[in-house]
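Per our numbering, the very first residue in the sequence shown carries number 15; after that it's consecutive.
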Amino acid sequence: MWHPPERITHPLPEARWPGVGEAAAALLFKPLRVGPVALESRTWVPAMVPWRATEEGFVTEEVIGWYERLARGRPGALVAEATGVRDIPSGPLLRIGHDRFLPGLQRLVETVRRASDGHTRFLIQIIDFLAVKRRPEKEKFFRRFFRPTERHREALGMPGASDEAVRERLLGMADPDLDRVLDAREIESLRFGYRERVTDMDLPHVRDLPRVLPGNFAAAAARAEKAGFDGVELHYAHAYTMASFLSATNDRPDGYGGPRENRVRLPLEVYGAVRRAVSPRFAVGARFLADEIVPGGSRVEDAAFFGVEFARAGMDFLSLSRGGKFDDAKQPGVGWAVYPYTGPSGYECMPTVISDARGPFGRNVADVARIRSAVREAGLETPVVVSGGIHSFEQAEGILRRGEADIVAAARQSLADPDWWRKMRLGRGAEIRRCVFTNYCEGLDQKHRPVTCKLWDRVGLDEPGVKTIEEGAGKRRRWTAPAWEP
Ligand SMILES: Cc1cc2nc3c(=O)[nH]c(=O)nc-3n(C[C@H](O)[C@H](O)[C@H](O)COP(=O)(O)O)c2cc1C
Ligand code: SF4
Numbered sequence: 015m016w017h018p019p020e021r022i023t024h025p026l027p028e029a030r031w032p033g034v035g036e037a038a039a040a041l042l043f044k045p046l047r048v049g050p051v052a053l054e055s056r057t058w059v060p061a062m063v064p065w066r067a068t069e070e071g072f073v074t075e076e077v078i079g080w081y082e083r084l085a086r087g088r089p090g091a092l093v094a095e096a097t098g099v100r101d102i103p104s105g106p107l108l109r110i111g112h113d114r115f116l117p118g119l120q121r122l123v124e125t126v127r128r129a130s131d132g133h134t135r136f137l138i139q140i141i142d143f144l145a146v147k148r149r150p151e152k153e154k155f156f157r158r159f160f161r162p163t164e165r166h167r168e169a170l171g172m173p174g175a176s177d178e179a180v181r182e183r184l185l186g187m188a189d190p191d192l193d194r195v196l197d198a199r200e201i202e203s204l205r206f207g208y209r210e211r212v213t214d215m216d217l218p219h220v221r222d223l224p225r226v227l228p229g230n231f232a233a234a235a236a237r238a239e240k241a242g243f244d245g246v247e248l249h250y251a252h253a254y255t256m257a258s259f260l261s262a263t264n265d266r267p268d269g270y271g272g273p274r275e276n277r278v279r280l281p282l283e284v285y286g287a288v289r290r291a292v293s294p295r296f297a298v299g300a301r302f303l304a305d306e307i308v309p310g311g312s313r314v315e316d317a318a319f320f321g322v323e324f325a326r327a328g329m330d331f332l333s334l335s336r337g338g339k340f341d342d343a344k345q346p347g348v349g350w351a352v353y354p355y356t357g358p359s360g361y362e363c364m365p366t367v368i369s370d371a372r373g374p375f376g377r378n379v380a381d382v383a384r385i386r387s388a389v390r391e392a393g394l395e396t397p398v399v400v401s402g403g404i405h406s407f408e409q410a411e412g413i414l415r416r417g418e419a420d421i422v423a424a425a426r427q428s429l430a431d432p433d434w435w436r437k438m439r440l441g442r443g444a445e446i447r448r449c450v451f452t453n454y455c456e457g458l459d460q461k462h463r464p465v466t467c468k469l470w471d472r473v474g475l476d477e478p479g480v481k482t483i484e485e486g487a488g489k490r491r492r493w494t495a496p497a498w499e500p
């Protein structure tokens, strides 16, 4: 992972945990309405992909186990991982693009209801993404994927040469020479792997996205309601299709790119289609970026504009993340796909304790507060969810008291200790297993391996009933955090 060049190691801040009375009086544990849905507290577990679905995108026992464990901690809301809206193969990521996925998702909903004893509202994040191919071997790239053109022949001084001759010449060339002959996209495909963009207007399926996506998202949301979820979170964040429409780098010439009024158009049309496809009892909100971080990307002013537009259109919540883009990601190894959390924008999304002077904790808060103010100034009361480096009661409660956000989300701390909300509420904060923010979990995510936490995945492996991931050479990890009974 990329780290700020200052490489200042920040200690985990001291935490003072509340007693039962203080917790009961805290804003954090007061109810809040998210549109039609009543949250019992303002605590939220944001989407995390744990790499446990089948290759075909179905719910597995391990997916069930992951959400069951998180639900036992009784957060006000739990958001199921990014789940694909289309009916296309996408590896072991959950999918909701067809009714055949319904039975598994229904079981998942029932599990969360039961495990949280009805205390947690369960939403699902729905996503669309474009093609990202693995970085190819150089030889494979030139012999299989590369399309020679007149431009290449001219640059090589090979007029009339066959495709094969051009390919072979390029294959034998060193990197600096290739930089002269290939264009930026060809170089990217060679060194990072081919990646589609929403601005690839020469690709018919990309040109058609505004026509296709509202229907895809709407059908997925209707399915989510049928499965029993309390709502959907439209994934408009990080490196994926909808975030790319919102991005300041989107210059599509068809009315869906350029000025921010155009960039927000498809996200609003998707929202409108989703709203029409679900009942008034179902919550619909979006997760988007307070700042894209990448050069030329959207900044907080854009995000404030989008937030007001989304709130005005009637979204039930606005959840803010940060960064996580392909644009500044590190070059992947041959055979691996580029991963959008390896550059500076990835750092901002999941900051670690090796940081700059600001440190990793609450880096998103100031921007989220600005976005929330803009929404309030527009006369709208839509709840705003903040995430990024949330680690303690006092920090979370302070954010709510100062009106910087309405709901506090913690991903890694909830993975480190799914019971942390409950322990806090019961005055047992001293028992919380605190996340150390060094991103072992994110490293697993990057390798598409089942996500676990280093603080508990080797603990009590031989206890009765503990299921483990067998990793070869005698290495084992447990799938879920050890049980905790109050
Ligand atoms: C393993 C892992 C998987 C994640 N998957 C998603 C995802 O599916 N969708 C999403 O919006 N964010 C995802 N995130 C980002 C988190 O929701 C969150 O924004 C980020 O970790 C920062 O919050 P934290 O400091 O509380 O961990 C993921 C994070 C981790 C660690
Ligand atoms: S592995 Fe555990 S302790 Fe480390 S960052 Fe992830 S959740 Fe936190």
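Don't be surprised by glycine CBs; every beta carbon is placed ideally from N, CA and C.
When distances are taken from the beta-carbon of P19 to the heavy atoms of ligand 1, even the shortest one reaches 7 Å or more. A straight-line Cα-Cα distance of about 44 Å links G338 and G174. No Cβ-Cβ contact shorter than 8 Å links T213 with G118.
In this structure, T134 keeps its C-beta atom at 8 Å or more from the C-beta atom of R83.
Contact check for V93 against P60 passes: the beta carbons are separated by less than 8 Å. At a cut-off of 3 residues, the continuous stretches assigned as beta strand (DSSP E) that sit fully inside the stretch 111-196 are 135-141. In the displayed model, T255 falls within a helix according to three-state DSSP. A straight line joining the alpha-carbon of R326 with that of R472 spans about 48 Å. Under a 10 Å Cβ-count criterion, L184 is classified as buried, with 16 or more other Cβ atoms of the shown protein chains found around its own Cβ. Inclusion of V422 and L429 in the CB contact set at 8 Å is not warranted, their separation being larger than that value.
For S428, the uninterrupted alpha helix (DSSP H) segment begins and ends at 426-430. DSSP, read as helix, strand or coil, puts R472 in coil.
Between E418 and V379, the C-beta gap is smaller than 8 Å, which places the two residues in contact. Scanning the stretch 296-377 for uninterrupted beta strand (DSSP E) segments of 3 residues or longer gives 297-303, 332-335, listed from N- to C-terminal end.
In the assembly as shown, T366 is a buried residue. Its beta-carbon has 16 or more other beta-carbons within 10 Å. Within 10 angstroms of the beta-carbon of V292 lie 16 or more other beta-carbons, which makes it buried. The set of residues with a C-beta under 6 Å from any non-hydrogen atom of ligand 2 comprises R426, L429, A430, C449, V450, F451, T452, N453, Y454, C455, C467, K468, L469, given in chain order. Here DSSP, grouped into helix, strand and coil, assigns L440 to coil. G412 has its Cβ no nearer than 7 Å to any heavy atom of ligand 1. The C-beta distance from D244 to A300 rounds to 16 Å, too long to fall under 8 Å, and the pair is not in contact. Bounds of any beta strand (DSSP E) do not take in R448, whose DSSP letter is neither H nor E. The shortest C-alpha to C-alpha distance from S401 to any of V314, R295, T68, A424 is the one to A424. No heavy atom of ligand 1 is found nearer than 7 Å to the CB of Q409.
A residue is called buried once 16 or more other Cβ atoms fall within 10 Å of its Cβ, and D113, having fewer, is exposed. The beta carbon of R463 is closer than 7 Å to those of W65 in its chain, skipping five residues each way along the sequence. Under the DSSP assignment, R492 falls in the beta strand (DSSP E) whose first and last residues are 490-492. Below 8 Å, too few C-beta pairs join the stretch 126-146 and the stretch 186-205 to call them touching: fewer than three. Between the beta-carbon of R336 and that of I307 there is about 7 Å, and that keeps the pair under the 8 Å contact cut. DSSP places I22 within a strand segment (E or B) once states are collapsed to three. Contact between I446 and W31 is confirmed by a C-beta separation of about 7 Å, below the 8 Å threshold.
At least 8 Å separates the beta-carbon of R377 from that of A29. Within 7 Å of the C-beta of D459 there is at least one heavy atom belonging to ligand 1.
With contacts defined by Cβ atoms closer than 8 Å, A145 and F231 do not form a contacting pair.
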